[in-house]
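Asks: Numbering (my numbering), first residue to last: 168 to 1139.
Note that the Cβ used here is the ideal one computed from N, Cα and C, for glycine as well.
This one's a predicted model, so the numbers in the text were calculated from it and none came from an experiment.
My questions all concern the structure below.
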Amino acid sequence: MEMEVFLEMLLLFLSRLFLAHHASMYVNSVRELRTSGYWDLICFIEHLCSKSDFSCKYHHLCVGGKQESIAGRQEESSPSILKASIAVTIPIATAHARLKTSWESLCSFKGCIMKTKECKTASISWIEKSSKRSWSFQKKAWFSNGVCSSLYLIQEVCRKFLCMKRICHSYVHRFLAFKTFTETCYFHFEKMPPKEKPRVDCTLKATSPDIGGRKATGSDKLTLVEQRQFIYVRIVRANGLPLNNISGTCNPFVELKIGNYKGITRCFEQTSNPEWNEVYAFTRDQILGGRLEILVRDKESAITEIIGHLSFDLDHIPTRFPPDSPMAPQWYKLEDRNGVKIVGELMLAVWIGNQSDDAFPVAWHSDAAAVSGKSVTKTRSNVYLSPVLWYLRIQVIAAQDLAPADRNRKPEAYVKAVLGNLVLRTKVSKDMNLNPTWNEEVMFVAAEPFDDPLVLSVEDKMGADKDVCLGRSVIPLHQVEKRLLPQPIGDQWITLQKHVAEVEEKTEVKFASRLHLRIFLDGVYHVFDEPTYYCSDLRATSPKLWPEKIGVLELGILKAEGLLPTMSKDGRGTTDAYCVAKYGQKWVRTRTIVDSFAPKWNEQYCWDVYDPYTVVTIGVFHNYHLQEGDKNGGKRDPRLGKVRIRLSTLETGRIYTHSYPLIVLQPNGLKKMGELHLAVKFSCSNWIDLLHTYSQPLLPMMHYLKPLSVYQLDSLRHQATYTLSLRLGRADPPLSREVVEYMLDTGVNRWSLRRGKANCERVMACLSGIVFIWRQFDQIRHWKNSAVTILIFSLFVAMVMSPKLILPAFFLAFFVIGVWRFPKRPRHPPHMDIKLSHAETAQIDELDEEFDTFPTSKQGEALKTRYDRLRGIAGRLMMMIGDLATQLERIHALVSWRDPRATAMFLIFCLIACILVHKVQFKYLVLVTWTYAMRPPRLRVGIPSIPQSFLRRLPAKTDSMLFFVGDMLQLL
168 MEMEVFLEML
178 LLFLSRLFLA
188 HHASMYVNSV
198 RELRTSGYWD
208 LICFIEHLCS
218 KSDFSCKYHH
228 LCVGGKQESI
238 AGRQEESSPS
248 ILKASIAVTI
258 PIATAHARLK
268 TSWESLCSFK
278 GCIMKTKECK
288 TASISWIEKS
298 SKRSWSFQKK
308 AWFSNGVCSS
318 LYLIQEVCRK
328 FLCMKRICHS
338 YVHRFLAFKT
348 FTETCYFHFE
358 KMPPKEKPRV
368 DCTLKATSPD
378 IGGRKATGSD
388 KLTLVEQRQF
398 IYVRIVRANG
408 LPLNNISGTC
418 NPFVELKIGN
428 YKGITRCFEQ
438 TSNPEWNEVY
448 AFTRDQILGG
458 RLEILVRDKE
468 SAITEIIGHL
478 SFDLDHIPTR
488 FPPDSPMAPQ
498 WYKLEDRNGV
508 KIVGELMLAV
518 WIGNQSDDAF
528 PVAWHSDAAA
538 VSGKSVTKTR
548 SNVYLSPVLW
558 YLRIQVIAAQ
568 DLAPADRNRK
578 PEAYVKAVLG
588 NLVLRTKVSK
598 DMNLNPTWNE
608 EVMFVAAEPF
618 DDPLVLSVED
628 KMGADKDVCL
638 GRSVIPLHQV
648 EKRLLPQPIG
658 DQWITLQKHV
668 AEVEEKTEVK
678 FASRLHLRIF
688 LDGVYHVFDE
698 PTYYCSDLRA
708 TSPKLWPEKI
718 GVLELGILKA
728 EGLLPTMSKD
738 GRGTTDAYCV
748 AKYGQKWVRT
758 RTIVDSFAPK
768 WNEQYCWDVY
778 DPYTVVTIGV
788 FHNYHLQEGD
798 KNGGKRDPRL
808 GKVRIRLSTL
818 ETGRIYTHSY
828 PLIVLQPNGL
838 KKMGELHLAV
848 KFSCSNWIDL
858 LHTYSQPLLP
868 MMHYLKPLSV
878 YQLDSLRHQA
888 TYTLSLRLGR
898 ADPPLSREVV
908 EYMLDTGVNR
918 WSLRRGKANC
928 ERVMACLSGI
938 VFIWRQFDQI
948 RHWKNSAVTI
958 LIFSLFVAMV
968 MSPKLILPAF
978 FLAFFVIGVW
988 RFPKRPRHPP
998 HMDIKLSHAE
1008 TAQIDELDEE
1018 FDTFPTSKQG
1028 EALKTRYDRL
1038 RGIAGRLMMM
1048 IGDLATQLER
1058 IHALVSWRDP
1068 RATAMFLIFC
1078 LIACILVHKV
1088 QFKYLVLVTW
1098 TYAMRPPRLR
1108 VGIPSIPQSF
1118 LRRLPAKTDS
1128 MLFFVGDMLQ
1138 LL
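See the structure below:
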């Protein structure tokens, strides 16, 4: 009977443990369950049960055909354990399928026991100490050892039971210990908290790549990247290729084979003298084979036959060292497969070079071997230049002799300006006559070269949706005057023309009126295409206003590691990554590394620097335009992360090599997409000019003499972004619009509750120094430390008695603080701080609101919730502004006679203070005031001072404010 009870309870505990084990996701797959030794233990217990009377009941429970559950059987046999168990059941049919094997699995079970010999001892000691531990420590131990320790302990008991083959009194006590242990375990399972999400490592790491900057020679261009060798093959042309015997034509193309890589040129139709002029680059360290095979094939018999063949031993290929001239191509006689010379020859050049070779940007690379056709051009590295941007300013003054259709009606005239797809208009003139005036200005961003003309028209507003053109004029922008220096531009009259008839594509033009305006291309301002604090260039458009060059920025884009898959290909995840870097007017794009989570670019670029207070931006993207060409279904290149580096934070002449985390904020939270390895160097060519820039205005002079409004700058910045995206999108290969917008931070001015919290914390962090000083002073004046109070009081008395020491002491204090912080100075450039940005703590609804379009696409309850939350934030901000206004109005009420008694008392005080200050030296007044402020705590009273009480009693305009008092229940 004891054996029956023991086995029944042991089996019940094991089944419950399996259910809890499965529900808590400690075993992720059936494969892991089968290999963990857990099922062997169940089969072994079934074998033991078959030797007792209990086997009949258990067998009936498993195979009786009833859809009962183990949890239901447990309720009948052990109610004490069920009180603390979890409510998870498993069908008997499933249990029987897993418990069908008995004695055959006992051998593997014994092997599992021998492998866990060390864990058994640790599990027993864990259980003995568990009753003495606190709940928090038990929880931690349960996560790490709980399930495994219980399994090992059961295995230990069953092994001893198998060896002795009898039940003794000690096993009954051990069973009772099991029972207590199960109740504790199930209690823990019921109250187990959810597993915490692992923290994302978003720290900046210093790296030590094998770059050329630490051992660079004078003529070496690659100082910031790892030099990689490439086998370059330039296929120029072929001559005298034989015709196909079957078709009578020749449709040749060239196939290059080296190791596991193969490249194919374009195929020319019906010609024996094709000309390709294509370059192929194979990475040397990825090649396994020892020869380069060049096969000239015909399209009609490309599978079975070849026209000719060439072979090169890799050890005999020459190496080209920059700045050597390009390798000259040579004619080679074609051979058949047996090495016999045949008709036809091929002009080509073969050499070994590195990334600084002139052929590197235009070559087909083996890293993109899976890409073919026109998509090959979209994998190459390129350099883009932003067009020169101008402010097109149109100052509309007046119009003369308008000719409306209805002479009896006063025209409501306004001026409409059209440049490309952008339309701007003035307000309707207040002069309701034929000679209206406006005196308004409209501004466009125009890109050079100027493709679109400016169209000006005077419109008559007839109704809500009806406007009549009273005259128009088309002005080519290349005829518009440019302002290169801060000098005024004269006004002019232009003739407006009105189209009155149109017959057979010939338009009759009739004189309408004249428009008085001032129009010019303004080059004395800087055209913003980035946010002010992320600018990479601060120069004016006019070259005559450019400052002197102060240095050179060198950037080495080395590699990326740990990139996450962004698309599915052949049933697996993949990433085709490329980088884009932007500084000033120069954009660079690396080549696309196809199907790699750890791409290696090793490309180096440089820029001229005119101001150290600028930022270089590097973004990583996935190329979605390779496999399907231009027909990609409108898919956008996904962003993988961005890095910003401010040049003023870099030491001149030092090479910074770091691994930057690629962090992307998505609607479902923060996500780390990988790491980007960069090498950055800022070289200064003229120290005097560099230091001189710190004393110069940040922007061109006209931004301060005649500043533009914030609204104008924001509108013009969006125009500049739109113009750049159009121009760069027409390049070959194009730089897509989403890439340009992401690099230029077009959505930086959108509402974000997360960034609002972060900005408030930034303000509080800056003011924390003032708060700290005030707290320290409060402790000093309350005599928390008598020695420090006496010392500060003595120093202040010395300063008052010798005022000439105040300024030297002030500057000396800053000098000492700076020297003291010098050893703790930052040794690496700043990077994206997820803690500062509140990226980890942002709620899902906050991120959903941040990623919403403008205007919003949400409706219903979500929009109502956001609006109510915004009203709550605005209400608190309104109260803060109101409190500040109240205090300022109380100060103003000192002399406004709003409270006649308070104003009279203040004026009498001022008169007495005037006489007192005139008779007593100022330093003694300061000394008396300081002594009063530093008086001991025994002479203090814990109530507000007289000035505070007096100021709080003064009236403010709050009494005149009109308020709406809502329902208290609604407010709650």
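Starting from Lys-924, trace the beta strand (DSSP E) in both directions and tell me its first and last residue.
Replies: From DSSP, Lys-924 is part of no beta strand (DSSP E) but of the alpha helix (DSSP H) over 920-948.
Asks: Helix, strand or coil, according to DSSP, for Pro-1114 in the structure here?
Replies: Residue state, collapsed to three classes: helix.
Asks: Using only alpha-carbon positions, find the residue among Ala-631, Phe-849 and Thr-733 that is nearest to Gly-841.
Replies: The shortest C-alpha separation from Gly-841 is found at Thr-733.
Asks: For Leu-1055, count neighbouring Cβ atoms within 10 angstroms of its own Cβ and tell me buried if that reaches 16, exposed if not.
Replies: Per the 10 Å Cβ criterion, exposed.
Asks: Between which two residues does the beta strand (DSSP E) carrying Pro-828 extend?
Replies: Taken as a continuous stretch (DSSP letters only), the beta strand (DSSP E) holding Pro-828 covers 822-833.
Asks: From Pro-1103, Met-1072 and Ala-1080, pick the residue whose C-alpha is nearest to that of Phe-1117; which is it?
Replies: Among Pro-1103, Met-1072 and Ala-1080, the Cα nearest to that of Phe-1117 belongs to Met-1072.
Asks: Residues in its own chain within less than 6 angstroms of Leu-371 by CB, not counting five upstream and five downstream?
Replies: The answer, listed in chain order, is His-825, His-995 and His-998.
Asks: Between the alpha carbons of Ser-709 and Val-367, how many angstroms are there, rounded?
Replies: Cα to Cα, Ser-709 sits roughly 47 angstroms from Val-367.
Asks: Please say whether Asp-743 and Thr-759 have beta carbons closer to each other than 9 angstroms?
Replies: Their beta carbons are under 9 angstroms apart, which means Thr-759 touches Asp-743 by this criterion.
Asks: Assuming Arg-756 and Ser-548 are in contact, meaning their beta carbons sit under 8 angstroms apart, how far apart are those beta carbons, in whole angstroms?
Replies: At roughly 6 angstroms, the Cβ-Cβ gap stays under 8 angstroms, so Arg-756 and Ser-548 are in contact.
Asks: With a Cβ-Cβ cutoff of 9 angstroms, do Thr-450 and Pro-419 count as a contact?
Replies: In this structure, Pro-419 does not lie closer than 9 angstroms to Thr-450 by Cβ.
Asks: Identify whether His-532 lies in helix, strand or coil by the three-state DSSP scheme.
Replies: Residue state, collapsed to three classes: strand.
Asks: Suppose contacts are defined by Cβ-Cβ distances below 9 angstroms. Is Arg-894 in contact with Pro-554 by that definition?
Replies: Yes. Within cutoff.
Asks: Could you tell me the distance, in whole angstroms, from the CA atom of Phe-479 to the CA atom of Leu-423?
Replies: So the alpha carbons of these two residues sit roughly 11 angstroms apart.
Asks: Contact check, Val-463 vs Leu-410 under 8 angstroms by CB: the rounded distance?
Replies: Going by Cβ atoms, the distance from Val-463 to Leu-410 rounds to 13 angstroms, so no, they are not a contact pair.
Asks: So which of Gly-896, Arg-1107, Ala-584 and Ser-735 has the shortest CA-CA distance to Gly-638?
Replies: Comparing Cα-Cα distances from Gly-638 to each of Gly-896, Arg-1107, Ala-584 and Ser-735, the minimum goes to Ala-584.
Asks: Spell out the partners DSSP gives Cys-746 in its beta bridges.
Replies: Cys-746 is bridged to Val-787.
Asks: Near Ile-661, which residues of its chain fall below 6 angstroms by C-beta distance, leaving aside the five closest residues on each side in sequence?
Replies: Counting only Cβ-Cβ distances below 6 angstroms, and skipping sequence neighbours, we find Ser-640 and Leu-682.
Asks: Going by beta-carbon coordinates alone, are Val-783 and Ile-822 separated by less than 9 angstroms?
Replies: Contact flag unset, no.
Asks: Taking all protein chains shown into account, decide if Cys-927 is buried (16 or more other Cβ within 10 angstroms of its Cβ) or exposed.
Replies: Cys-927 comes out exposed.
Asks: Given 8 angstroms as the limit, is there contact between the segment 535-543 and the segment 592-600, that is, 3 or more CB pairs closer than that?
Replies: The answer is no - the segment 592-600 does not touch the segment 535-543, with fewer than three Cβ pairs under 8 angstroms.
Asks: Measuring CB to CB, does Ile-484 end up less than 9 angstroms from Trp-518?
Replies: In contact: Ile-484 and Trp-518 (Cβ atoms closer than 9 angstroms).
Asks: When we look at the beta-carbon of Cys-1077 and count the other beta-carbons within 10 Å, is it buried (16 or more) or exposed?
Replies: Exposed.
Asks: For Glu-422, which of helix, strand or coil comes out of DSSP?
Replies: Three-state result, Glu-422: strand.
Asks: Quick check on Leu-872: buried or exposed, where buried means 16 or more other Cβ atoms within 10 Å of its Cβ?
Replies: Exposed.
Asks: Residue range of the alpha helix (DSSP H) that Gly-896 falls in?
Replies: Start and end: 877-896.
Asks: For Ala-580 versus Lys-628, is the C-beta spacing smaller than 9 angstroms?
Replies: Contact flag set, yes.
Asks: Work out the CA separation of Met-610 and Arg-884 for me, nearest whole Å.
Replies: Cα to Cα, Arg-884 sits roughly 11 angstroms from Met-610.
Asks: Taking only runs of the beta strand (DSSP E) that begin and end inside the segment 452-512, which ones reach a length of at least 3 residues, in chain order?
Replies: Whole beta strand (DSSP E) segments, 3+ residues: 458-465, 475-480 and 497-502.
Asks: What three-state label does DSSP hand Tyr-399 in the structure shown?
Replies: Tyr-399 falls in the strand class under three-state DSSP.
Asks: Applying the 10 Å Cβ sphere with the 16-neighbour rule, what's the burial state of Ala-383?
Replies: For Ala-383, the predicted model reports a pLDDT of 45, less than 50, meaning its position is unreliable; a value from the coordinates is still stated below. Looking at its Cβ environment, which holds fewer than 16 other Cβ atoms inside 10 Å, Ala-383 is exposed.
Asks: Are Ala-526 and Pro-493 close, meaning C-beta to C-beta below 9 angstroms?
Replies: Yes. Within cutoff.
Asks: Does the segment 855-872 touch the segment 505-513, meaning 3 or more C-beta pairs lie closer than 8 angstroms?
Replies: In short, these stretches do not touch, since the Cβ pair count stays below three.
Asks: Compute the beta-carbon to beta-carbon distance between Ser-533 and Gln-453, rounded to the nearest angstrom, for a pair I have assumed lies under 8 angstroms.
Replies: Going by Cβ atoms, the distance from Ser-533 to Gln-453 rounds to 7 angstroms, so yes, they are a contact pair.
Asks: Ser-850 to Gly-751, Cα distance in whole Å?
Replies: Whole-angstrom Cα-Cα distance: 17 angstroms.
Asks: For Arg-487, I'd like the list of residues in its chain whose CB is within less than 6 angstroms of its CB, leaving aside the five on either flank, ordered along the chain.
Replies: Met-494, Trp-518 and Gly-520, listed in sequence order.
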